[in-house]
Structures are given as structure tokens and as C-alpha cells.
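Residue numbers (my numbering): -10 to 190. Beta carbons: idealized from backbone N, C-alpha and C, even for Gly. It should be emphasised that the depicted structure is a prediction, and the values quoted were computed from it without experimental measurement. Below: the structure, in C-alpha cells.
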């Protein structure tokens, strides 16, 4: 075999080898690109799922926080109704209900007897406002500032007194329920009461 034929045969072998290698790398690159694309797609899917989970968690947290706030507000309303709304009938029922909204000390303060004669007086809330601090969902104690306008009707005499007051009530979370543990009188407007007393003299 002469040198020109040998060179030609070697060139053909080298060309075939290069074509084979190019084909392999093209195939390998194609496979890698497919794998890379699959990884990118998977990553994007996980990112989207993570954002959805974050949003759901945020919504759940907001819902739980709103529920905690709503529970506290309901208890504050009930506390005011029990303490400042008096009727001719229903003392024992109100005393029993107080066990679910205030501690024993406050129960003894506002419902000191087994029976109480309220035939001579009735009272009602004219207006009430509640100011609650920004709460954490897991907060276990909170102060509620209350502004109350209160009317007392003396049944026998027909006289009516009105008072405007600010009170601060401390609530603690006990057994998944907000319980009033302390009350502080901040302000009470008694001018109208004094005027009526002066006029009656």
C-alpha cells in the first residue's frame, strides 16, 4: 500500500471518528439541555408553590389574628353589658354568665350576693367604644380601653342620671377564652349628676 492510499484511509478513519465524537457531544449536549430545562421547569414550579404556600400562610395568619381580635372584642362587649346594664329581672342569669368573662375577684365585686333586689333601678348603655392595641396572634394578655356613656333610671322616682366614663380593662387568655382580670377607672364625668342634685335642693 502506497503512502497516498494509507493517508487517505487514515483521513477517512479520523473523519469518521470526529463525526462520531461530534454526534456524541451533540447528543450529550441535547440530553444535558433537556435535563437543564427540566431542572429549570421544576425549580420554577417549586418557586410558584412556595409563593402560594407563603400567601396561604399569610392568609391563615391574618384569619387567625382577626378571629383572636373578634373573640376579645366580643368578650369586652359582654363584660360591659354585664357590669353596666342592669334590669329588673335576670340577676342570677347575669351572675352565671359573668363566670365566662371575668375572674372571681371581679365576679365578687359586681355580683356580691346570690340574689339582688334591682326593682328600684335600671341602667343601659347609650354608647360604647373599644380601643384595642395592635395584637400578636399568640398574645396572652391585653388591655382594652373603653369609652362608655351610661344611663341610670331610678324606677320609683323617674329620675335619670347619665355618666361618661373611660375605663381600662385587662384581659388574659385562659383556656382559649379572654377573661377580664382587672378594671381601672380612668375618668368619669359627674357634672350632670351634680347639676341634677343641685336642682333638687
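Are the Cβ atoms of residue i and residue j separated by less than 9 Å?
i: residue 96; j: residue 87; result: yes
i: residue 137; j: residue 62; result: no
i: residue 148; j: residue 140; result: no
i: residue 131; j: residue 77; result: no
i: residue 114; j: residue 69; result: yes
i: residue 80; j: residue 100; result: yes
i: residue 161; j: residue 129; result: yes
i: residue 73; j: residue 116; result: no
i: residue 66; j: residue 110; result: no
Beta carbon of residue i: closer than 8 Å to some heavy atom of the ligand FAD?
i: residue 128; result: Because no ligand of any kind appears in the structure shown, any question about the ligand FAD cannot be addressed here.
Sort out for me which residues DSSP pairs residue i with in a bridge.
i: residue 159; result: 132 and 171
i: residue 60; result: Residue 60 pairs with nothing; no bridge assigned.
i: residue 143; result: 110
i: residue 150; result: 141
i: residue 176; result: 155
i: residue 166; result: 163
Hey, how far is the Cα of residue i from the Cα of residue j?
i: residue 155; j: residue 167; result: 20 Å
i: residue 164; j: residue 90; result: 12 Å
i: residue 182; j: residue 176; result: Reliability of the predicted coordinates at residue 182 is poor, the pLDDT of 47 falling under 50, and the value obtained from them is presented with this limitation in mind. Straight-line Cα distance between these residues: approximately 15 Å.
i: residue 152; j: residue 54; result: 34 Å
i: residue 56; j: residue 170; result: 21 Å
i: residue 174; j: residue 37; result: 53 Å
i: residue 126; j: residue 98; result: 31 Å
i: residue 58; j: residue 123; result: 9 Å
i: residue 64; j: residue 133; result: 11 Å
i: residue 102; j: residue 92; result: 16 Å
i: residue 172; j: residue 82; result: 22 Å
i: residue 41; j: residue 178; result: 53 Å
i: residue 85; j: residue 60; result: 19 Å
i: residue 146; j: residue 135; result: 30 Å
i: residue 52; j: residue 71; result: 28 Å
Go to residue i, then tell me how far its beta strand (DSSP E) extends in each direction, as first and last residue.
i: residue 118; result: 110 to 121
Taking the alpha helix (DSSP H) that residue i falls in, what are its first and last residues?
i: residue 85; result: 80 to 87
i: residue 75; result: Neither: residue 75 is in no alpha helix (DSSP H) and is coded neither H nor E.
i: residue 97; result: 93 to 99
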